[in-house]
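**Q** Can you read through this structure? Questions will come right after.
There are 2 protein chains.
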Amino acid sequence: MVQQMTEDQILLLIIKYLKELKKEEFQNIIEELQPYDIAKLYKNLPSKHRYKFLLFLNPRQIAELIQELDIKLQHDVLHKLGIEKSSTVMDLMDNDDLADLLNELSVDKIQEYLTAMKTEESETVKNLMRFPPDTAGGIMTNRYVWIRIYYTVREAVDKFKLFAEYAESLYYLYVLDENKKLVGVVSYRDLLLADMDDKIEDIMFSRVISVPVDMDQEEVAKTIRKYDFIAIPVVDKENKMAGIITVDDLIDVVVEEANEDIEKLSASGKDIDFNTKSHVAAFRRLPWLIFLLFIGLISGSIISNFESTLNKVIALTYFMPMISGMSGNTGTQSLAVVVRGLASHDIDRKTIFNLVLRELGVGLIIGVINGSLIAAIAYFWQGNPMLGLVVGSSLFATLIIGTLAGTIIPLLLYRLKIDPAIASGPLITTLNDIFSLSVYFGMATIFMSHLL
Amino acid sequence: MVQQMTEDQILLLIIKYLKELKKEEFQNIIEELQPYDIAKLYKNLPSKHRYKFLLFLNPRQIAELIQELDIKLQHDVLHKLGIEKSSTVMDLMDNDDLADLLNELSVDKIQEYLTAMKTEESETVKNLMRFPPDTAGGIMTNRYVWIRIYYTVREAVDKFKLFAEYAESLYYLYVLDENKKLVGVVSYRDLLLADMDDKIEDIMFSRVISVPVDMDQEEVAKTIRKYDFIAIPVVDKENKMAGIITVDDLIDVVVEEANEDIEKLSASGKDIDFNTKSHVAAFRRLPWLIFLLFIGLISGSIISNFESTLNKVIALTYFMPMISGMSGNTGTQSLAVVVRGLASHDIDRKTIFNLVLRELGVGLIIGVINGSLIAAIAYFWQGNPMLGLVVGSSLFATLIIGTLAGTIIPLLLYRLKIDPAIASGPLITTLNDIFSLSVYFGMATIFMSHLL
Numbered sequence: 001m002v003q004q005m006t007e008d009q010i011l012l013l014i015i016k017y018l019k020e021l022k023k024e025e026f027q028n029i030i031e032e033l034q035p036y037d038i039a040k041l042y043k044n045l046p047s048k049h050r051y052k053f054l055l056f057l058n059p060r061q062i063a064e065l066i067q068e069l070d071i072k073l074q075h076d077v078l079h080k081l082g083i084e085k086s087s088t089v090m091d092l093m094d095n096d097d098l099a100d101l102l103n104e105l106s107v108d109k110i111q112e113y114l115t116a117m118k119t120e121e122s123e124t125v126k127n128l129m130r131f132p133p134d135t136a137g138g139i140m141t142n143r144y145v146w147i148r149i150y151y152t153v154r155e156a157v158d159k160f161k162l163f164a165e166y167a168e169s170l171y172y173l174y175v176l177d178e179n180k181k182l183v184g185v186v187s188y189r190d191l192l193l194a195d196m197d198d199k200i201e202d203i204m205f206s207r208v209i210s211v212p213v214d215m216d217q218e219e220v221a222k223t224i225r226k227y228d229f230i231a232i233p234v235v236d237k238e239n240k241m242a243g244i245i246t247v248d249d250l251i252d253v254v255v256e257e258a259n260e261d262i263e264k265l266s267a268s269g270k271d272i273d274f275n276t277k278s279h280v281a282a283f284r285r286l287p288w289l290i291f292l293l294f295i296g297l298i299s300g301s302i303i304s305n306f307e308s309t310l311n312k313v314i315a316l317t318y319f320m321p322m323i324s325g326m327s328g329n330t331g332t333q334s335l336a337v338v339v340r341g342l343a344s345h346d347i348d349r350k351t352i353f354n355l356v357l358r359e360l361g362v363g364l365i366i367g368v369i370n371g372s373l374i375a376a377i378a379y380f381w382q383g384n385p386m387l388g389l390v391v392g393s394s395l396f397a398t399l400i401i402g403t404l405a406g407t408i409i410p411l412l413l414y415r416l417k418i419d420p421a422i423a424s425g426p427l428i429t430t431l432n433d434i435f436s437l438s439v440y441f442g443m444a445t446i447f448m449s450h451l452l
Numbered sequence: 001m002v003q004q005m006t007e008d009q010i011l012l013l014i015i016k017y018l019k020e021l022k023k024e025e026f027q028n029i030i031e032e033l034q035p036y037d038i039a040k041l042y043k044n045l046p047s048k049h050r051y052k053f054l055l056f057l058n059p060r061q062i063a064e065l066i067q068e069l070d071i072k073l074q075h076d077v078l079h080k081l082g083i084e085k086s087s088t089v090m091d092l093m094d095n096d097d098l099a100d101l102l103n104e105l106s107v108d109k110i111q112e113y114l115t116a117m118k119t120e121e122s123e124t125v126k127n128l129m130r131f132p133p134d135t136a137g138g139i140m141t142n143r144y145v146w147i148r149i150y151y152t153v154r155e156a157v158d159k160f161k162l163f164a165e166y167a168e169s170l171y172y173l174y175v176l177d178e179n180k181k182l183v184g185v186v187s188y189r190d191l192l193l194a195d196m197d198d199k200i201e202d203i204m205f206s207r208v209i210s211v212p213v214d215m216d217q218e219e220v221a222k223t224i225r226k227y228d229f230i231a232i233p234v235v236d237k238e239n240k241m242a243g244i245i246t247v248d249d250l251i252d253v254v255v256e257e258a259n260e261d262i263e264k265l266s267a268s269g270k271d272i273d274f275n276t277k278s279h280v281a282a283f284r285r286l287p288w289l290i291f292l293l294f295i296g297l298i299s300g301s302i303i304s305n306f307e308s309t310l311n312k313v314i315a316l317t318y319f320m321p322m323i324s325g326m327s328g329n330t331g332t333q334s335l336a337v338v339v340r341g342l343a344s345h346d347i348d349r350k351t352i353f354n355l356v357l358r359e360l361g362v363g364l365i366i367g368v369i370n371g372s373l374i375a376a377i378a379y380f381w382q383g384n385p386m387l388g389l390v391v392g393s394s395l396f397a398t399l400i401i402g403t404l405a406g407t408i409i410p411l412l413l414y415r416l417k418i419d420p421a422i423a424s425g426p427l428i429t430t431l432n433d434i435f436s437l438s439v440y441f442g443m444a445t446i447f448m449s450h451l452l
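What follows is the structure, given as structure tokens:
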């Protein structure tokens, strides 16, 4: 019945059951819903019903619900539940989500919850919280199933069943030796296709693809994309198994990293989304803008050095916005290609060399075409062939400089282990402004006598 | 042994075995490698060894290898294999990958391969090829396991085992009625936890989350991210099951879409990566650049209308790059926030209203701060309080206009069902140039008498 109902109909029914205290009917609906849908329901529920809603859920359902809420609503739920019930729920949460949640709380509060939790669970979470949140260690969970190399398939399947309820990913079983070192992996598919009496040793993959705990999450995402795995094991320096990372967490990482690249390319400030308040967004954007304001003034002071040139040929100003705009545009184009390339390629000396050479070629081609075009336009517009020559050759030069700057600056930053996306669009644009205006007015001054 | 070897050592060993025709030793290594690694090996192999390499692989291994290669190498492999062996390999490939591969071939070639393939497989692929490549239908595969509602858990497990070798995703079993309509889903975990004699009907989820065949792949990715599924079923208009999409394909979609957003935001042209040739990259980038060149000339002609103003106060030119740069920068910032927001949010009237209001607030705050700052600087630099006032108030006005343009233009395009990212950074920047210069010189002209 529930499957044909709209979200609104379900919401109304849930409110009805809550009012009439019909827990069984309530549960019949909830059991048919996905955690994401339950969370949506909870968010749409008038606040006065929320406490009762939580009371009607079992701890596992609350654990699933909480993982789908934003941090503010998470804290609200914990507050409503109280320490004791919260800790029961926390015991059931995925460790990685729980670590994220706790990381946002005060030290006192964290201690309070951890003390109330099962020792085993709280130890694991404390362990996870030691890793920086954007590394493999920070996003892994330890809810995986491990087996011994001497198990038979039958024993492995039995252990698998036993842990099915608690494991986050059920696709792979990891084979550990007596020191917890990762020596093999078996997929569930392998188990299905093997004979019950086969030895794990004979069917396992022993060349296990794993990632170290301190690997950057973006690199982990690259790895899992290459191999099309559902989950990837995380190991410490001694190849001891530390946890697994599942692909559903990594898909979020990929989106996050792409957003970060765009944020930086557009210098739009960290973590601004549709829900950020005006003043918060403004103050996150201001540092860049003020920095760029001063860079813009440098362009101004360059122009002021050419005051006498300008005073004589005022028509030079007409082409200023075009010249500086174009070098900014081509720089941004190159930058975007480089930044996204770096996000999915491994880079060596040869790749860099080829890339710079390629962009030099691109700069030459677009320089010649746009330069000739504008030379003709300037000549016909202002009737001054010399002006056409100055404008055209300046555009030619600035397009090459702009293209190379947009390529070399991010590559240089990458080599220096600085995030290349930070060489943001506006920064490249503004730097290119300075280059291009200097070239333009420099040429104009040199050819001054011919311009008049 | 293989597990401790580096890639280069493995490559050398493989070449050795190929030369010595030691197929068994060769296979011992290959069996320990992932498809991605085998493909890398193949790419690094000198061409003269490639044919023998393929001969030493079995059809399933070739099928896995081919899926990891780029289109050029794929065709090369097919060519090396010949029609007959190619079709055997194609029978074993994932249908979605095969459809992509065939889509790149000539009509004659496609027909030739399809005729040589098993009828069942070729029918399926033909079916997949009917869907546009960026929709759910275009990226789905039909290698899933389906069961009937009246099955017991035991019967389901048996069917599962039978199909384990052929199914692409083994995480869910889909419950279909006699008309192939999707009526339920059971995860493998559910089967493990259930009793062998339980009925599927009693343990299945009947509120199945599915996507329609014509849904855009970006929307599919949004859905799977919300629900954290490993795979999602695809249905036609009558809710008949058409296929499944696995999360590993969607993670590629997410990266692709993010790259597209960045391409468009930076107007850097479609499909330029590290391997694109100079002239190809240049001609993909040119259309935007030439368009922006003409837009830049509009700025120029605006300035030319204020020739007399400029002639009197040449210092006005010093602040031109800063004013137009700043309005471009704030516009790009807003644009990036909107474009990425649209990629992960569902949008309604209220969200749009709040967003525009928020950005107005942002514009006001950054306008006041930057405007005051530049007014003071202009005053002290040029010693002209009136110039400070004109520059400051112009910057104030253009920052507000720039911020709103960067917000409203992409939202408008979104409403008109045009991809908002196309309102690219440079376009917004250049439009903001025009606004800002008009405001600046307009104000300067009005206050002319005071400036002198």
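Protein chains in written order, with full-length UniProt numbering: chain B, 1 to 452; chain U, 1 to 452. For each residue, glycine too, the CB sits at the ideal point set by N, CA and C.
Given residue 272 of chain B, which residues of its chain have a CB within under 7 Å of its CB, disregarding the five upstream and five downstream residues?
**A** Counted from its first residue, the first sequence places residue 272 of chain B at position 272. Answer for residue 272 of chain B: 281 and 284, listed in chain order.
**Q** If residue 176 of chain B and residue 186 of chain B are in contact, beta carbons under 8 Å, what's the gap, nearest whole angstrom?
**A** In the first sequence, residue 176 of chain B corresponds to position 176, counting from 1. In the first sequence, residue 186 of chain B corresponds to position 186, counting from 1. Actually they are not in contact, since the Cβ atoms of residue 176 of chain B and residue 186 of chain B sit about 12 Å apart, beyond 8 Å.
**Q** Do residue 332 of chain U and residue 266 of chain B have their beta-carbon atoms positioned less than 8 Å apart in this structure?
**A** Walking along the first sequence from the start, residue 266 of chain B turns up at place 266. Walking along the second sequence from the start, residue 332 of chain U turns up at place 332. Contact flag set, yes.
**Q** Where does residue 379 of chain U fall in DSSP's three states?
**A** In the second sequence, residue 379 of chain U corresponds to position 379, counting from 1. Helix.
**Q** How would you call residue 446 of chain B, buried or exposed, if buried means at least 16 neighbouring beta carbons within 10 angstroms?
**A** Numbered from its first residue, the first sequence carries residue 446 of chain B at position 446. Under this definition residue 446 of chain B is an exposed residue.
**Q** With the cut-off set at 8 Å, would you say residue 334 of chain B and residue 403 of chain B are in Cβ contact?
**A** Residue 334 of chain B sits at position 334 when you count from the first residue of the first sequence. Residue 403 of chain B sits at position 403 when you count from the first residue of the first sequence. Against a cut-off of 8 Å, the Cβ pair of residue 403 of chain B and residue 334 of chain B comes out as a contact.
**Q** Any idea if residue 259 of chain B is buried or exposed, counting beta-carbon neighbours within 10 angstroms, 16 or more meaning buried?
**A** To locate residue 259 of chain B, count along the first sequence from 1; it is residue 259. It counts as buried.
**Q** Three or more C-beta pairs closer than 8 Å, one from the region 19-31 of chain B and one from the region 41-61 of chain B: is that the case here?
**A** yes
**Q** Figure out for me which residue from U:411, U:386, U:433 and U:401 has the closest Cα to the Cα of residue 443 of chain U.
**A** To locate residue 443 of chain U, count along the second sequence from 1; it is residue 443. With distances taken between Cα atoms, residue 443 of chain U lies closest to U:386.
**Q** Could you work out which residues of chain B lie near residue 161 of chain U, taking near to mean beta carbons separated by less than 9 Å?
**A** Locating residue 161 of chain U in the second sequence gives position 161, counting from the first residue. Under the 9 Å cutoff, chain B gives 192 and 193.
**Q** Would you kindly work out how many angstroms separate the C-alpha atoms of residue 339 of chain B and residue 347 of chain B, rounded to a whole number?
**A** Stepping through the first sequence from its first residue, residue 339 of chain B is reached at position 339. Stepping through the first sequence from its first residue, residue 347 of chain B is reached at position 347. Near 12 Å, if we compare the C-alpha coordinates of residue 347 of chain B and residue 339 of chain B.
**Q** In terms of residues, what are the limits of the beta strand (DSSP E) holding residue 176 of chain B?
**A** The count along the first sequence starts at 1 and reaches residue 176 of chain B at position 176. Its beta strand (DSSP E) spans residues 172-176.
**Q** Quick one: list the residues of chain B neighbouring residue 252 of chain U, beta-carbon separation under 8 Å, in chain order.
**A** As a first step, residue 252 of chain U is located in the second sequence; it is residue number 252 there, counting from the start. Those are 225, listed as they occur along chain B.
**Q** Just to confirm my understanding: we take residue 46 of chain B, look at its own chain, exclude 5 residues before and 5 after, and list those with CB closer than 8 Å. What are they?
**A** Numbered from its first residue, the first sequence carries residue 46 of chain B at position 46. Within the same chain, residue 46 of chain B has close Cβ partners 15.
**Q** Using a Cβ-Cβ cutoff of less than 6 Å, which residues in the same chain neighbour residue 197 of chain U once the five nearest sequence positions on both sides are dropped?
**A** For the purposes of this step, residue 197 of chain U is taken as the residue at position 197 of the second sequence. Excluding residues within five positions, the ones whose Cβ falls inside 6 Å are 152.
**Q** Determine the chain U residues that contact residue 272 of chain B at a beta-carbon separation under 8 Å, and present them in chain order.
**A** In the first sequence, counting from the first residue as 1, residue 272 of chain B sits at position 272. The contacting residues are 337.
**Q** For the candidate residues U:98, U:433, U:164 and U:65, whose alpha-carbon lies nearest to that of residue 139 of chain U?
**A** Walking along the second sequence from the start, residue 139 of chain U turns up at place 139. Taking only the C-alpha atoms, the option nearest residue 139 of chain U is U:98.
**Q** Counting only beta-carbon separations shorter than 8 Å, does residue 304 of chain B have a partner in chain U?
**A** Here residue 304 of chain B refers to the residue found at position 304 of the first sequence. Interface residue, yes.
**Q** Throw me the rounded Cβ distance for the residue 254 of chain U and residue 255 of chain B pair, which I believe falls under 8 Å.
**A** By one-based count along the second sequence, residue 254 of chain U stands at place 254. By one-based count along the first sequence, residue 255 of chain B stands at place 255. Yes, residue 254 of chain U and residue 255 of chain B are in contact; Cβ-Cβ is about 6 Å, under 8 Å.
**Q** Contact criterion: CB-CB distance below 8 Å. Does residue 156 of chain B meet it with respect to chain U?
**A** Mapped onto the first sequence, residue 156 of chain B falls at position 156. Among the CB atoms of chain U, none fall inside 8 Å of the CB of residue 156 of chain B.
**Q** Would you call the region 306-324 of chain U in contact with the region 301-319 of chain B, where contact means no fewer than 3 C-beta pairs closer than 8 Å?
**A** yes
**Q** Measure the alpha-carbon distance for residue 109 of chain U versus residue 93 of chain U and round it to whole angstroms.
**A** Stepping through the second sequence from its first residue, residue 109 of chain U is reached at position 109. Stepping through the second sequence from its first residue, residue 93 of chain U is reached at position 93. If you take the alpha carbons of residue 109 of chain U and residue 93 of chain U, they lie about 17 Å apart.
**Q** Could you confirm whether any beta carbon from chain U is found closer than 8 Å to the beta carbon of residue 332 of chain B?
**A** Walking along the first sequence from the start, residue 332 of chain B turns up at place 332. Interface residue, yes.
**Q** Using a Cβ cut-off of 8 Å (strictly closer), state whether residue 351 of chain U contacts chain B.
**A** Stepping through the second sequence from its first residue, residue 351 of chain U is reached at position 351. Yes, because at least one Cβ of chain B sits closer than 8 Å to the Cβ of residue 351 of chain U.
**Q** Whose CA, out of B:80, B:26, B:39 and B:328, lies closest to the CA of residue 51 of chain B?
**A** On the first sequence, residue 51 of chain B is found 51 positions in, with the first residue counted as 1. Per the Cα distances, B:80.
**Q** How would you write the range of the beta strand (DSSP E) that residue 246 of chain U sits in, first residue to last?
**A** Indexing the second sequence from 1 puts residue 246 of chain U at position 246. Per DSSP, residue 246 of chain U belongs to the beta strand (DSSP E) from 241-246.
**Q** Just list the beta strand (DSSP E) runs in the region 122-152 of chain U, keeping only unbroken ones of 3 residues or longer that don't cross its boundaries, in chain order.
**A** Fully enclosed beta strand (DSSP E) runs of 3 or longer: 145-147.
**Q** Residue 131 of chain B and residue 213 of chain B: beta carbons closer than 8 Å?
**A** Mapped onto the first sequence, residue 131 of chain B falls at position 131. Mapped onto the first sequence, residue 213 of chain B falls at position 213. In this structure, residue 213 of chain B lies closer than 8 Å to residue 131 of chain B by Cβ.
**Q** So if I threshold CB-CB distances at 7 Å, which residues from the region 24-50 of chain B count as touching chain U?
**A** 32, 33, 34 and 36
**Q** Would you grab the beta carbon distance between residue 206 of chain U and residue 32 of chain B for me? Rounded to a whole angstrom, and I think it's under 8 Å.
**A** The residue given as residue 206 of chain U occupies position 206 in the second sequence. The residue given as residue 32 of chain B occupies position 32 in the first sequence. Right, their Cβ atoms sit about 6 Å apart.
**Q** Between residue 407 of chain B and residue 362 of chain B, what straight-line distance do the alpha-carbon atoms span, to the nearest angstrom?
**A** Mapped onto the first sequence, residue 407 of chain B falls at position 407. Mapped onto the first sequence, residue 362 of chain B falls at position 362. Computed Cα separation, rounded: 11 Å.
**Q** Can you have a look at residue 190 of chain U and say buried or exposed, based on whether 16 or more other CB atoms are within 10 angstroms of its CB?
**A** Translated into the one-based positions of the second sequence, residue 190 of chain U becomes position 190. Answer is buried; the Cβ neighbour count reaches 16.
**Q** Measure the beta-carbon distance from residue 173 of chain U to residue 208 of chain U and round it to whole angstroms, keeping in mind my assumption that it falls under 8 Å.
**A** One-based indexing of the second sequence puts residue 173 of chain U at position 173. One-based indexing of the second sequence puts residue 208 of chain U at position 208. Contact flag wrong, Cβ pair sits at about 12 Å.
**Q** Taking its Cβ as the centre, do 16 or more other Cβ atoms sit within 10 Å of residue 353 of chain U, making it buried, or is it exposed?
**A** Here residue 353 of chain U refers to the residue found at position 353 when the second sequence is read from its first residue. By the C-beta density criterion, residue 353 of chain U is exposed, having fewer than 16 other C-beta atoms within 10 angstroms.
**Q** With 16 as the cutoff for other CB atoms within 10 Å, does residue 327 of chain U come out buried or exposed?
**A** Position 327 of the second sequence holds residue 327 of chain U. Looking at its Cβ environment, which holds 16 or more other Cβ atoms inside 10 Å, residue 327 of chain U is buried.
**Q** Check the Cβ of residue 430 of chain B against every Cβ in chain U and list those closer than 9 Å, keeping chain order.
**A** Here residue 430 of chain B refers to the residue found at position 430 when the first sequence is read from its first residue. Neighbours of residue 430 of chain B on chain U, chain order: 321, 325 and 329.
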